[in-house]
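Novice:
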Amino acid sequence: MTEEADVVVIGGGIAGLITARELGRQGLRVVVLEARDRLGGRVWTDHRLGRDLEMGGTWLHWVQPHVWAEVTRYGLGVTRGPRPEKAYWLAGAEVRTGTLESFMNLIDPGMQALLADTMRWIPRPDDPLAEPDLAAVDGFSLQEKLDELDLPPAEYHANEAAWVGHFNAPLGEGAFTSALRWTAATAGSWHLMHEASAVFRLTGGTRSLVEAIVADTDADIRTSTEASRIEHTADGAVVTTAGGTRIHARRVVLTLPQNIIGDLDVSPPLCAEKLSAGKEKAASQGVKVWIRVRGPIAPFFAYSSAAHPLSVARTEYLGDDDAVLVAFGADASKISPNDLDAVRAALRVWREDLDVLEVTGHDWMADRYSQETWLMQRPHQLTRYLAAQQRPEGVLHFAGSDYANVWAGFIDGAIETGLRTARELGTRLAPR
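The C-terminal position of the sequence shown is numbered 518 in the working numbering, with every residue numbered one higher than the one before it.
1) Which residue wins for smallest C-alpha separation from Gly46, given the options Gly381, Ile346, Trp376 and Ile377?
2) Grab the span of the beta strand (DSSP E) containing Gly184 for me, first residue to last.
3) Do you know how far the Cα of Phe496 is from the Cα of Val325?
4) Measure the alpha-carbon distance for Leu201 versus His483 and round it to whole angstroms.
5) With a threshold of 7 Å on Cβ separation, who are the neighbours of Ala255 within its own chain once the five nearest residues in sequence on each side are excluded?
6) In terms of residues, what are the limits of the alpha helix (DSSP H) holding Ser264?
7) Look up Ala518 in the DSSP assignment and say whether it is helix, strand or coil.
8) Output the distance between the C-alpha atoms of Asp203 and Ser397, rounded to the nearest integer angstrom.
9) Measure the Cβ-Cβ separation of Pro465 and Asp224 and say whether it is below 8 Å.
10) Considering Ile299, what are the terminal residues of the alpha helix (DSSP H) in which it resides?
11) Would Leu528 and Pro214 be called neighbours here (beta carbons separated by less than 8 Å)?
12) Leaving out the 5 sequence neighbours to the left and right, which residues in its chain are closer than 7 Å to Gly526 when beta-carbon positions are compared?
13) Going by DSSP in three states, Gly381 sits in which element: helix, strand or coil?
14) Comparing alpha-carbon positions, which option in Lys420, Glu402 and Gly348 lies nearest Val412?
15) Return the CA-CA distance between Gly98 and Val181, expressed in angstroms with no decimal places.
16) I want to check one thing, is the minimum distance from the CB of Met197 to the heavy atoms of the ligand MN below 7 Å?
17) Comparing alpha-carbon positions, which option in Thr88, Ala282, Arg107 and Ala284 lies nearest Thr503?
18) If I measure Cβ to Cβ from Gly291 and keep anything under 7 Å in the same chain, skipping five residues before and after, which residues do I get?
19) Could you give the distance in angstroms between the alpha-carbon of Glu384 and the alpha-carbon of Glu281?
20) Taking three-plus beta-carbon pairs below 8 Å as touching, is the stretch 434-450 in contact with the stretch 225-241?
21) Taking the continuous alpha helix (DSSP H) assigned at Ala221, which residues delimit it?
22) Helix, strand or coil for Gly126 per DSSP?
23) Would you identify the three-state DSSP class for Ala360, choosing helix, strand or coil?
24) Here's a check: name, in chain order, each residue in its chain whose Cβ is nearer than 6 Å to the Cβ of Ala545, leaving out the five neighbours to either side.
25) Using CA coordinates, which residue listed in Thr331, Gly348 and Val435 is at the minimum distance from Leu119?
26) When you compare only the Cα positions, how much space is there between Trp460 and Glu171?
27) Please list the terminal residues of the continuous beta strand (DSSP E) segment that includes Ala177.
28) Buried or exposed: where does Arg400 fall if 16 or more other Cβ atoms within 10 Å of its Cβ makes it buried?
29) Terminal residues of the continuous beta strand (DSSP E) containing Leu511?
30) Out of Ser310, Val339, Lys367 and Ala323, which one is the CA nearest neighbour of Gly329?
31) Are Val153 and Ile501 touching if we call contact CB-CB under 8 Å?
32) With a cut-off of 8 Å on the beta carbons, I'd call Ala216 and Thr469 a contact; round off their distance for me.
33) Under 8 Å Cβ to Cβ from Ala247, same chain only, skipping five residues before and after it: list those, please.
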C-alpha cells in the first residue's frame, strides 16, 4: 500500500520542523521522516558530564532575526557562559597570556584589514550573490587573503587562530567569502560577528527550541525512519523508506546537508550543481569536545592553530569543584572527542595545570546523516552552487542551514530556509 500526504519532509532538524509547522498551519497534511532516533539534526542537547551539553549547534544572538523571533514566540530563556578572565594564545611555539581585551586589541588591525571590503562584496547578506563581480574574490581561500596582509608574526598567528575557530577547518580550504558572509551579517563589525557566533545560548538548551516547535505542529513526525529513495514526476513523488513504506506526496522537501544530499537515491537525479557541491564537501571538517576539569578554576579562553588537535578551548560552565570546557579542532581525524589521554595532551599546549576528569562529544564527520559540522564553503562554492542548491527541481524543494542566505551554518539559517520553503509551497498548494 502507498500512503498519501500533501508534503513529505525529509529530515527532522530545525529546518524540517519549521517547514512542517508552517505547512501544517496552512491545512496541509505533512509527514516528516527523520532517520535518527531523535529530532533536531545537527542540534542536540544531551546530558553528559553532569550538565545538559550541546553536541552540535549552540549559539544564537539577537542580530540573527529568524531564531530570535522563535525565542520571542516561545518565550525561551537565553544565557551565556562565564566571561573569560584570562587568555592564552600562541605566537609561533611561544604561549602568550593576557586578557580578553588584550587579545582582541592584538587581532583588531588584522581583522579590520582583512574585512575592510566586506560590504562591497556582500552589500546585502540576505542576497549574498547580489554583487555581480563576487566570483573575483570567491576563488580565494581565507589563508591566501590573510597571508596577503603581511602582518607581524604575533598578530598573524593570533588572527589565524581566531579564524580557525570560526571555520572549524584548515584556513587553506575555507573560502574567504565565508568570512565575508558572517561579517556582512553584522553590518561589517567583526567584534559583533565574533559575539554573535560564540557567546549566547538557550537556557534550556537547543532541546527547548526543538520541543517547542514540535508541540506547535500537527505534522506526522516519524523518527528512526530513513528515506531511501525518491521517484518524482511533474505531478508528484513517491518516497520509499528503508523499511519499505511508500508515501505518495504532492511535494517533497529535502533538508539534507550539502555533504550527504547526493547519497540519497533520487530519480530523476538532482541537478549537477547540487551533486558537485556534495562531492567536493564543505570545508568544515572539525570536532567539538566537552571537557570536565577539576575546579575551581578561573574562566579562560585559548587559541592555538589548525595544526594542533585542539585549536580553541574555553570555559563554558563553572561549578564549585569542577568546570566544563568546550573545545574545537579543525580536523576530526586528529583527535577523538572521547579520547581522554589525547584531550589531556592537547590542552597542555596552553596549560599544564588542568586536571582533566572526563571528556565527551560526537563525531559529526563520521555521522552518516551529517558528515560535516557547520557549513563553511570552499573557494568557488558560493558563486557556483548556492543558487542551484536553493532552487526547486519540479516537485522537490530544498531547505536547511547549508542553503541559507544570511546566517548559513547557524540555527538561524535553518529557520530562514524552513520559512522560505514553506512560503513557496504554500503559494502552490491548496489543502485537499
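Built from N, CA and C at the ideal position, the CB exists for glycine as well.
In this text the structure is predicted, and so the values were computed from the model without any measurement.
Specialist: This is what the structure gives:
1) What the structure shows of the chain is the stretch from 87 to 518, and residue 46 is not part of that stretch, so it cannot be assessed.
2) Looking at the DSSP string, the run of the beta strand (DSSP E) that includes Gly184 is Glu180 to Gly184.
3) Straight-line Cα distance between these residues: approximately 28 Å.
4) Rounded to the nearest angstrom, the two C-alpha atoms are 34 Å apart.
5) Counting only Cβ-Cβ distances below 7 Å, and skipping sequence neighbours, we find Ala369, Ser370, Gln371, Gly372, Ala416 and Met462.
6) Start and end: Phe262 to Ala270.
7) With the sequence shown as reference, residue 518 is identified as Arg, and Ala is not the correct amino acid for it. Three-state result, Arg518: coil.
8) Within the model, the alpha-carbon separation for Asp203 versus Ser397 is close to 27 Å.
9) In contact: Pro465 and Asp224 (Cβ atoms closer than 8 Å).
10) That run of the alpha helix (DSSP H) goes Gly291 to Ala301.
11) No answer is possible for residue 528: the residues shown for the chain start at 87 and end at 518.
12) Given a span of 87 to 518 for the chain in the structure shown, any question on residue 526 remains unanswerable.
13) Coil, per DSSP.
14) Of the listed residues, the one whose Cα sits closest to Val412 is Glu402.
15) If you take the alpha carbons of Gly98 and Val181, they lie about 44 Å apart.
16) In the structure shown, the ligand MN is absent, as is every other ligand, since no ligand is present at all.
17) Taking the Cα of Thr503 as reference, the smallest distance to any Cα among Thr88, Ala282, Arg107 and Ala284 is reached at Arg107.
18) Once the five neighbours on either side are set aside, the close Cβ partners of Gly291 are Thr131, Asp138 and Glu140.
19) In the sequence as presented, Glu is not what sits at residue 384; that position holds Ala. Straight-line Cα distance between these residues: approximately 20 Å.
20) Too few Cβ pairs lie closer than 8 Å, so no.
21) Counting along the chain, the alpha helix (DSSP H) containing Ala221 begins and ends at Ala221 to Asp224.
22) Three-state DSSP puts Gly126 in a strand.
23) Position check: residue 360 holds Lys in this sequence, whereas Ala was assumed. In the three-state reduction of the DSSP assignment, Lys360 falls in the helix class.
24) Beyond the ends of the chain as shown, which are 87 and 518, falls residue 545; an answer cannot be given.
25) The shortest C-alpha separation from Leu119 is found at Thr331.
26) Just so you know, the alpha carbons of Trp460 and Glu171 end up roughly 28 Å apart.
27) Residues Lys172 to Ala177.
28) Within a 10 Å sphere around the beta-carbon of Arg400 sit 16 or more other beta-carbons, which makes this residue buried.
29) Taken as a continuous stretch (DSSP letters only), Leu511 belongs to no beta strand (DSSP E), being part of the alpha helix (DSSP H) at Ile497 to Gly512.
30) The shortest C-alpha separation from Gly329 is found at Ser310.
31) The Cβ atoms of Val153 and Ile501 lie closer than 8 Å to each other.
32) At roughly 12 Å, the Cβ-Cβ gap does not stay under 8 Å, so Ala216 and Thr469 are not in contact.
33) Short of 8 Å from the beta carbon of Ala247, and not among the five residues preceding or following it, lie these beta carbons of its own chain, in chain order: Trp175, Leu176, Tyr389, Ser390, Ser391, Ser397 and Val398.
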